[in-house]
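Step one of this worksheet: look at the structure below.
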Amino acid sequence: MTDTLSGSVPHEAIFANAEASTRQEVIRLLGQRLTALGYVRDSYVDAVLKREAELPTGLPMGGDSNVAVPHTDPKHVLRAGIALATLAKPVSFANMEDPDEDVPVRIVFMLAINDKDRQIETLQQVLLTIQDEALVAKMLLAKTADDLHALLRDVGKQGR
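See the structure below:
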């Protein structure tokens, strides 16, 4: 994992305005891309789905800017990386703090972390990114993976 979020998100693992109806579809989309790129084992997607059912990752940020950060144990990860999707329409994820409450999510950062000690650091990088309301608004307006990648790269240049 690099010191900036942009270096952790391979361009090929970014989806702008992805179409999905359920959190399972989103997790499969991102997980299959990480699998194809050699970041994770074949067991990764099922492990993320299982973990998400037990320990949800929906983060209510307010309005359209709710985020989910699905992930799983390092044993399913070959090398560290993050897949990112902005969603054309909100998809329900269970709230991290109150699993009985659904959160309509438009941004998903799917973490592939192969070192448990780096998990908190990576989550902090994501949280710093999503706390920037202007950046989140730009992410939701981005039309292409190139646009999203450029936004993350700009954050890295600002020393986030």
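In terms of full-length UniProt numbering, the sequence shown opens at residue 1 and continues consecutively. Glycine included, C-beta positions come from ideal geometry on N, C-alpha and C. None of these values were measured; they are calculated from a predicted model.
Residue closest to L141, alpha-carbon to alpha-carbon, out of M61, K75, A85 = Position 141 of the sequence shown holds residue 141. Looking at the Cα atoms, A85 is the closest of the given residues.
Bridge partner(s) assigned by DSSP for N95 = By one-based count along the sequence shown, residue 95 stands at place 95. Note: N95 sits in a beta bridge opposite G58.
Whose C-beta lies closer than 7 Å to the C-beta of D64 among residues of the same chain, with five residues either side of it excluded?
-> Sequence index remark: in the sequence shown, residue 64 carries index 64 (1-based). Hits under 7 Å: R106, L140.
Would you give the residue range spanned by the alpha helix (DSSP H) that I107 belongs to?
-> Position 107 of the sequence shown, counted from the first residue, corresponds to residue 107. Segment 102-112 is the beta strand (DSSP E) holding I107; no alpha helix (DSSP H) there.
Any idea what DSSP makes of residue 249, helix, strand or coil?
-> Nothing about residue 249 can be reported from this structure: the residues present for the chain run from 1 to 160 only.
A13 by DSSP, collapsed to three states: which one?
-> By one-based count along the sequence shown, residue 13 stands at place 13. It is helical.
Quick one: any contact between the region 114-124 and the region 18-37, if contact means 3 or more CB pairs under 8 Å?
-> In short, these stretches do not touch, since the Cβ pair count stays below three.
Determine the direct distance from the alpha carbon of L148 to that of L135, and round the result to whole angstroms.
-> For the purposes of this step, residue 135 is taken as the residue at position 135 of the sequence shown. For the purposes of this step, residue 148 is taken as the residue at position 148 of the sequence shown. So the two alpha carbons sit approximately 10 Å from each other.
Taking DSSP as the reference, what is the three-state secondary structure of T144?
-> As a position in the sequence shown, residue 144 is number 144, starting the count at 1. T144 falls in the coil class under three-state DSSP.
Provide the residue span of the alpha helix (DSSP H) that contains T72, from first to last.
-> The residue given as residue 72 occupies position 72 in the sequence shown. T72 -> no alpha helix (DSSP H), and no H or E assigned at all.
Assign L87 to one of three DSSP states: helix, strand, or coil.
-> Numbered from 1 along the sequence shown, position 87 holds the residue referred to as residue 87. L87: strand per DSSP, three-state reduction.
Whole-angstrom distance between V9 and D98, CA atom to CA atom | Residue mapping note: residue 98 aligns to position 98 of the sequence shown, counting from 1. Residue mapping note: residue 9 aligns to position 9 of the sequence shown, counting from 1. Taking C-alpha positions only, D98 is separated from V9 by approximately 28 Å.
Which stretch, first to last residue, makes up the alpha helix (DSSP H) that contains V26?
-> For the purposes of this step, residue 26 is taken as the residue at position 26 of the sequence shown. Where V26 is concerned, the enclosing alpha helix (DSSP H) stretches over 23-36.
What is the DSSP secondary structure of A80, reduced to helix, strand or coil?
-> Counting from one through the sequence shown, the residue named residue 80 turns up at place 80. Coil.
My guess is that I113 and V77 are in contact by the Cβ rule of under 8 Å, so how many angstroms apart are they, rounded?
-> Residue 113 sits at position 113 when you count from the first residue of the sequence shown. Residue 77 sits at position 77 when you count from the first residue of the sequence shown. About 6 Å; that satisfies the 8 Å criterion.
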